[in-house]
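Below: the structure, in structure tokens.
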Amino acid sequence: MKKRSAFRRYWPLYVMLVIPLVHFLLFKYGPMFGAILAFRNYKPGMTFGAEWRGFRYFEIFLKDAQYWRAFRNTIVLSLLNLVINFPGPIIFAILLNELRFKRFKKLVQTISYMPRFMATVVVISIMATMLMPHSGVVNKLMGTNIDYIGNPGYFKWIYVFTDMWQYTGFTAIIYLAAITGINTDLYEAAKIDGANRFKQMLHVTVPGILPTMMVMLILNIGQLLRLGFEKVLLLYRPSNSSASDILDTFTYRLAFEAGSTNYSLAAAAGLFTAVISTVLVISANAVSRKATGESIY
Amino acid sequence: MVDKSMGSRIFNIFLYLFMAVIIVIFVFPFFYMFSLSTSGMKAIMNNRVTFFPVDFNIDAYLRIFEYPGFFQAYRNTIIYTTLGTFFSLIMMMLFAYPLSKSFLKGRGVILKLVIFSMFFSGGLIPNYLLIRNIGFANKIWAILIPFAINQFNLIIMVNFMRSIPEDIEEAAMIDGLGYFRILGWIVVPLSKPAIATIGLYTAVFFWNDWFNAMLYLNTEQRPVMMILRNIVVNAANAGEAQGYGERGIAEMASKSAVILVSVIPIIVLYPFLQRFFVKGLTVGSIKG
Chain A
20 MKKRSAFRRY
30 WPLYVMLVIP
40 LVHFLLFKYG
50 PMFGAILAFR
60 NYKPGMTFGA
70 EWRGFRYFEI
80 FLKDAQYWRA
90 FRNTIVLSLL
100 NLVINFPGPI
110 IFAILLNELR
120 FKRFKKLVQT
130 ISYMPRFMAT
140 VVVISIMATM
150 LMPHSGVVNK
160 LMGTNIDYIG
170 NPGYFKWIYV
180 FTDMWQYTGF
190 TAIIYLAAIT
200 GINTDLYEAA
210 KIDGANRFKQ
220 MLHVTVPGIL
230 PTMMVMLILN
240 IGQLLRLGFE
250 KVLLLYRPSN
260 SSASDILDTF
270 TYRLAFEAGS
280 TNYSLAAAAG
290 LFTAVISTVL
300 VISANAVSRK
310 ATGESIY
Chain B
2 MVDKSMGSRI
12 FNIFLYLFMA
22 VIIVIFVFPF
32 FYMFSLSTSG
42 MKAIMNNRVT
52 FFPVDFNIDA
62 YLRIFEYPGF
72 FQAYRNTIIY
82 TTLGTFFSLI
92 MMMLFAYPLS
102 KSFLKGRGVI
112 LKLVIFSMFF
122 SGGLIPNYLL
132 IRNIGFANKI
142 WAILIPFAIN
152 QFNLIIMVNF
162 MRSIPEDIEE
172 AAMIDGLGYF
182 RILGWIVVPL
192 SKPAIATIGL
202 YTAVFFWNDW
212 FNAMLYLNTE
222 QRPVMMILRN
232 IVVNAANAGE
242 AQGYGERGIA
252 EMASKSAVIL
262 VSVIPIIVLY
272 PFLQRFFVKG
282 LTVGSIKG
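Going line by line, the protein sequences match chains A and B.
First residue of the first sequence: 20, per our numbering; consecutive thereafter.
First residue of the second sequence: 2, per our numbering; consecutive thereafter.
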């Protein structure tokens, strides 16, 4: 009796839910069921494939040397990115916090957040122009004639540097918020104890944001397989493929590059990456919750 | 309060110098595009442009009018961004509001489904085949509809709506308002900061997209970012073939103009929206 009256009272809320819920299930869970294609062979017009093929497609790509090259490239690129772009925003936030001239601080913040809203393709096209052989500003200043983008040796640095340019300022917001939460008495006490500004940063600010740093680090580790696919796809050239072919672009090429279009094989490679990635994220999150009592989800 | 020791002063000098360098690093790429786009064709070809415009002119911006498909693409981008953001916000409101009611049965299950879908997705290919097989290929629905619900933004919205005091809604209910009217007349106006934040993220997503347009749309339907993508990819192909030909260099001015014009709306609107997203980000840090 009580249940019925609850429904009678709240039915408009359920009505509200219907359309978004159907949309959500169709476009987020539909593809998950569609991933069954990895075990079935693809026929045009059939989302779920025609007949069962078991793990055949997995065997094909796991034997492919190019897959393992992509796997290695993904890990190398991710780790380099982590080592450089994890501490970057922390240092930036701490230094921003030291700016006493408020309007200047505001100006630096405003400018540094903006690249986050620029399209990756904009960043890459500007970058490519600056790095053009011969006439690009970088080559001109150095007096060199290097094709940076076409060279596999430079690829990972271009990736890491553009990430730094695009996201350092924005990620720093999280650390700045953590710094704001530090009790100002701690700084006063440190000053009385004779700590100079550098020592205050080291012994008050850094410990104050340590929990935030831990959470961010663990979450970054969870995201190891998730690189900026769009960016790598834009930077990808046959000439730099030995460094720039990552798991996502490997999958993309299996499906869409002329001559292959093997959807089942590509779905299998994509599913394999997605499963490893999910395990990584969930375990990283669990570690974060255990170690620091905090997690994003 | 102010520390006036020698060390602190030296530190300050370096700090402000460092920040000045940072500002230059952030601003210079755009300024470089400006310089290239306003320099004379000959100056660019003779490789005389380093930092500042040489033989200043605005011909490149006038030539944009002749750039193949540029206006069509710009119009497409504006349409996708407006309609896409509008549809997305409506879906998010309708989804988030019931989910913000802790007494609602089934809410927990749905939230768990939302969170799981943030960890795991079917991947590019199943997504692609789904969108094609429901008949969205070469239709603008392929861009506007499938990406309307973003789970991160949804969680931000749910958390924000949960922070709205119950009493306000109870009072409205006593006045005889139903849930739909409460949502439209009370909750939505009170959620303005969250809506602004999410709207900004969503609009930026639509404005910046080329990948989905490339997968699902035909040439006339493509957005302006697709032109930029073609510039990047074609320059690469030309570069591989003949080491960046003279023609490529001559087109530098108009390409730079295209790049700048494609980001102008973001640069212009950004300072006004900035205060919202900083607020929104702190809202989002509340656990879901």
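A virtual CB, placed ideally from N, CA and C, is assigned to each residue, including glycine.
Does the Cβ-Cβ distance between residue i and residue j come in under 8 Å?
{"i": "F269 (chain A)", "j": "Q85 (chain A)", "result": "yes"}
{"i": "A197 (chain B)", "j": "F277 (chain B)", "result": "yes"}
{"i": "P171 (chain A)", "j": "N100 (chain A)", "result": "no"}
{"i": "V140 (chain A)", "j": "L253 (chain A)", "result": "yes"}
{"i": "A214 (chain B)", "j": "I144 (chain B)", "result": "yes"}
{"i": "I91 (chain B)", "j": "L100 (chain B)", "result": "no"}
{"i": "G227 (chain A)", "j": "I201 (chain A)", "result": "yes"}
{"i": "Y282 (chain A)", "j": "F189 (chain A)", "result": "no"}
{"i": "I65 (chain B)", "j": "A258 (chain B)", "result": "yes"}
{"i": "R230 (chain B)", "j": "A74 (chain B)", "result": "no"}
{"i": "V189 (chain B)", "j": "M93 (chain B)", "result": "no"}
{"i": "M232 (chain A)", "j": "I109 (chain A)", "result": "yes"}
{"i": "I237 (chain A)", "j": "V306 (chain A)", "result": "yes"}
{"i": "L290 (chain A)", "j": "A57 (chain A)", "result": "yes"}
{"i": "A191 (chain A)", "j": "I168 (chain A)", "result": "no"}
{"i": "V142 (chain A)", "j": "T181 (chain A)", "result": "yes"}
Please name the residue or residues paired with residue i in a DSSP beta bridge.
{"i": "R49 (chain B)", "result": "The partner list for R49 (chain B) (beta bridge, DSSP) is empty, contrary to what the question assumes."}
{"i": "R59 (chain A)", "result": "A:W71"}
Does the CB of residue i have a neighbour CB from chain A at under 8 Å?
{"i": "R64 (chain B)", "result": "no"}
{"i": "T82 (chain B)", "result": "no"}
{"i": "R230 (chain B)", "result": "yes"}
{"i": "A74 (chain B)", "result": "no"}
{"i": "Q275 (chain B)", "result": "yes"}
{"i": "A197 (chain B)", "result": "no"}
{"i": "F96 (chain B)", "result": "yes"}
{"i": "W211 (chain B)", "result": "yes"}
{"i": "N77 (chain B)", "result": "no"}
{"i": "N128 (chain B)", "result": "yes"}
{"i": "V172 (chain B)", "result": "In the sequence on display, residue 172 (chain B) carries Ala and not Val. It does not; no Cβ of chain A falls within 8 Å."}
{"i": "I23 (chain B)", "result": "yes"}
{"i": "A149 (chain B)", "result": "yes"}
{"i": "G123 (chain B)", "result": "yes"}
{"i": "L90 (chain B)", "result": "no"}
{"i": "S9 (chain B)", "result": "yes"}
Residue i CB to nearest chain B CB: under 8 Å?
{"i": "Y29 (chain A)", "result": "yes"}
{"i": "L36 (chain A)", "result": "yes"}
{"i": "L32 (chain A)", "result": "yes"}
{"i": "A310 (chain A)", "result": "no"}
{"i": "M20 (chain A)", "result": "Confidence is the limiting factor: at M20 (chain A) the pLDDT is only 44, short of 50, which leaves the residue's position unreliable and the question unanswerable from this model."}
{"i": "Y282 (chain A)", "result": "yes"}
{"i": "T129 (chain A)", "result": "yes"}
{"i": "H222 (chain A)", "result": "no"}
{"i": "N215 (chain A)", "result": "yes"}
{"i": "E117 (chain A)", "result": "yes"}
{"i": "I94 (chain A)", "result": "no"}
{"i": "A208 (chain A)", "result": "no"}
{"i": "S144 (chain A)", "result": "yes"}
{"i": "E70 (chain A)", "result": "no"}
{"i": "L114 (chain A)", "result": "yes"}
{"i": "M235 (chain A)", "result": "no"}
In terms of residue numbering, what span does the alpha helix (DSSP H) encompassing residue i cover?
{"i": "W184 (chain A)", "result": "P171 to T199"}
{"i": "G200 (chain B)", "result": "K193 to N209"}
{"i": "E170 (chain B)", "result": "E167 to I175"}
{"i": "L112 (chain B)", "result": "R108 to F120"}
{"i": "S40 (chain B)", "result": "Premise fails: S40 (chain B) is in no alpha helix (DSSP H) and is neither H nor E."}
{"i": "T82 (chain B)", "result": "F71 to L100"}
{"i": "D60 (chain B)", "result": "D60 to R64"}
{"i": "R133 (chain B)", "result": "L125 to N134"}
{"i": "G53 (chain A)", "result": "G49 to G53"}
{"i": "W87 (chain A)", "result": "A84 to N104"}
{"i": "F212 (chain B)", "result": "F212 to Y217"}
{"i": "N292 (chain B)", "result": "Residue 292 (chain B) is absent from the model: chain B starts at 2 and stops at 289."}
{"i": "L178 (chain B)", "result": "That residue, L178 (chain B), is in no alpha helix (DSSP H); it is neither H nor E in DSSP."}
- Completely contained alpha helix (DSSP H) runs for the region 196 to 271 of chain A, where each covers 4 or more residues: Correct list: 203 to 211, 216 to 219, 225 to 241, 248 to 254 and 260 to 263.
Listed in chain order, which residues of the region 41 to 70 of chain B have Cβ atoms closer than 9 Å to some Cβ of chain E?
Looking for chain E here will not work: the only protein chains present are A and B.
(request) Would you list, in sequence order, the uninterrupted alpha helix (DSSP H) runs of no fewer than 4 residues that lie entirely inside the region 123 to 173 of chain A? (result) Entirely contained in the region 123 to 173 of chain A, the alpha helix (DSSP H) runs reaching 4 residues are, in chain order, 139 to 149 and 156 to 161.
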